[in-house]
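In the working numbering, the protein residues as written are 711 to 876.
Below: one structure, written as structure tokens.
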């Protein structure tokens, strides 16, 4: 945010929300700033406000995913699942939502749901793999930081083999 200065980003985001409380992008910025500062509950609240506004647009799935990210960072697995499901249902080819859902479903013990989403993810991203998610250059930093990627690496690899065999 703002040349790697989250304090400046926080000030600008709060100003944006104050000046235009019905602009979803202001809440996006505020949520992003809160995430950068580790204020995950505040980030989730801001993302949800943005989601309420953006849900009437064709890009509302991005705000749902941001809310899912904030919920995941805050350790709220069921809330993260709900937001990522909403993002996925609104945009069925949205790979970021699918990636997170696969791991979140595994975390919640819902292997059947994880398999269903993994099938869709493999159609959208044929080279997806548990090993790829663990690489630093793969766009899934929250999955790595949360420990989900490492914790479910073997389960996801096995699930991917089972899905491929279907």
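Beta carbons: idealized from backbone N, C-alpha and C, even for Gly.
Predicted, not measured: the structure shown is a model, and the values here were computed from it.
| request: Consult DSSP for residue 769 and reduce its assignment to one of helix, strand or coil. | output: coil
| task | Would you identify the three-state DSSP class for residue 760, choosing helix, strand or coil? | result | helix
| task | Could you pull out every residue in the same chain whose Cβ sits closer than 6 Å to the Cβ of residue 791, ignoring the five residues on either side in sequence? | result | 814
| request: From the DSSP output, in three-state form, read off residue 856 for me. | output: helix
| field | Through-space distance from residue 759 to residue 859, alpha-carbon basis | value | 29 Å
| field | Cβ neighbours of residue 821 in the same chain (closer than 6 Å, five flanking residues each side left out) | value | none
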